[in-house]
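Residue numbers (UniProt numbering): 1 to 373.
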């Protein structure tokens, strides 16, 4: 009897040991659950040290241009909510044309350059990280992070907004956090090669051999007529063009007097097609002004696709630069078909050829007759 009891106790002990061992084998040690639960510290574009899970599974991107950069890094499938602004008319924003499904996601705030992040709506979609551009400085980013208890990572387009180191750093940062570092490196390499190609084609042209150029009707917190222009206009800078507005010594958006345009009398005028309707209306009211311009008299007025919508649509800006190069320096760009080049750029950045849709919405790359639509 005693022997049987001892055997029973021994069997029970063995069973308990087996259960403990098996249970231990099935347990997950801290930090070994999934790759998403690993943490790393990154430095964002505001210089903040932010601890984030990598690679993230769910993201949101708020503020001008943040969602665009996430889409460039092939992160659209990780987005769990978008600003209301992104759900409005997608015209002019290729990243929404390429990813219309984003408009069906929950709303995480109104959006817009002067908006305030909606902490409650951001928390409701429970992202692993909040990417933000322009809306917050260092202290406000810290405040938003404290309110939501979600890592906030600040991005930037920098001063140039096209070929800019801050753009490259932002892409690389998104790539690191989303697990798409190789894609981010490919993007930076592509953008740098475009910049180099545009520069190399035009760097040796003497200044006195360059035609004088002007761009008008540029969007600037709204639609404007021919007086709205820009010094150091990025597509012109990219091809080393002789922009008459650079003579002002200013940088960025400029509203000029029409008399100044008459005195400059550029050889070539580009019109941002976002404001083309206003230019045509003005032409009807004052045709003599326009007919006094050399570019109008000689038929050298051309349309460009607007690229400044919720900050710079980088792909469109580069496509505009190639078209400007084709018009200003036909010999140096004789191998370039602007429409095909635009599609090549859109295809690489967003996975779809979008020039046809952009041209349908705005007019596309073509010579303009201001008197006749």
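A virtual CB, placed ideally from N, CA and C, is assigned to each residue, including glycine.
The continuous beta strand (DSSP E) containing residue 39 extends over residues 38-43.
A contact between stretches requires three or more CB pairs, one per stretch, nearer than 8 Å, and the stretch 266-285 fails this requirement with the stretch 196-208. Between residue 81 and residue 45, the gap from beta carbon to beta carbon reaches 8 Å or more. With a cutoff of 8 Å on beta-carbon distance, residue 313 and residue 219 are scored as not near each other.
Scanning its chain for C-beta atoms nearer than 8 Å, with the 5 sequence neighbours on each side dropped, one finds around residue 73 the residues 171, 174, 175, 178, 180, 183, 184, 187, in chain order. Distance from the CA atom of residue 320 to the CA atom of residue 189, rounded to whole angstroms, is 19 Å.
Looking at the DSSP output, residue 107 shares a beta bridge with 82. Counting other Cβ atoms within 10 Å of its Cβ, residue 272 reaches 16 or more and is therefore classed as buried. For residue 262, the number of other beta carbons within 10 angstroms of its own is below 16, and it is reported as exposed.
Ranked by Cα distance from residue 258, the options 251, 266, 252 are led by 266. Proximity of the stretch 160-170 to the stretch 136-150 falls short of the contact definition, fewer than three beta-carbon pairs being nearer than 8 Å.
The beta carbon of residue 166 lies closer than 7 Å to those of 45, 156, 157, 158 in the same chain, with the five residues before and after it left out. Excluding sequence positions up to five before and after residue 221, its CB lies less than 6 Å from no other CB in the same chain. Beyond the five residues adjoining it in sequence on each side, residue 148 comes within less than 6 Å, by CB distance, of 119, 122, 123 in the same chain, given in chain order. For residue 270, the pairing in a beta bridge is given by DSSP as 215, 302. In the DSSP assignment, residue 100 falls outside any beta strand (DSSP E) and carries neither an H nor an E. Classified as buried, residue 240 has 16 or more neighbouring CB atoms from the shown chains inside 10 Å of its CB.
Around the beta carbon of residue 303, a 10 Å sphere encloses 16 or more other beta carbons of the protein chains shown; the residue is thus reported as buried. Sequence-distant partners of residue 134 (beyond 5 residues in either direction) whose C-beta falls short of 6 Å from its own C-beta, in its chain, are 63, 64. Taking C-beta atoms as the reference points, residue 125 and residue 152 fail to come closer than 8 Å. If you look at residue 187, you'll find it in the alpha helix (DSSP H) that goes 181-202. Contiguous beta strand (DSSP E) elements confined to the stretch 115-182 occur at 129-133, 152-155, taking only those with 3 or more residues. In this structure, DSSP gives residue 53 an extended state, which the three-state scheme calls strand. By the C-beta criterion, the stretch 336-353 is judged not to be in contact with the stretch 238-253, since fewer than 3 inter-stretch pairs fall below 8 Å. The beta-carbon separation of residue 217 and residue 274, rounded to 7 Å, stays under the 8 Å limit for a contact. For a cut-off of 8 Å, the C-beta gap from residue 117 to residue 136 is around 7 Å, short enough to register as a contact.
Residue 268 holds the alpha-carbon nearest to the alpha-carbon of residue 329 among 310, 268, 344, 350.
Taking 3 residues as the minimum length, the beta strand (DSSP E) runs contained wholly in the stretch 287-333 are 301-304, in order along the chain. When only Cα atoms are considered, residue 76 and residue 109 end up about 18 Å apart.
Bounds of the alpha helix (DSSP H) holding residue 345 are 338-350. Nearest in C-alpha terms to residue 234, of all of 297, 315, 293, is 315.
Here the alpha carbon of residue 250 sits roughly 42 Å from the alpha carbon of residue 40. Between residue 370 and residue 301, the C-beta gap is smaller than 8 Å, which places the two residues in contact.
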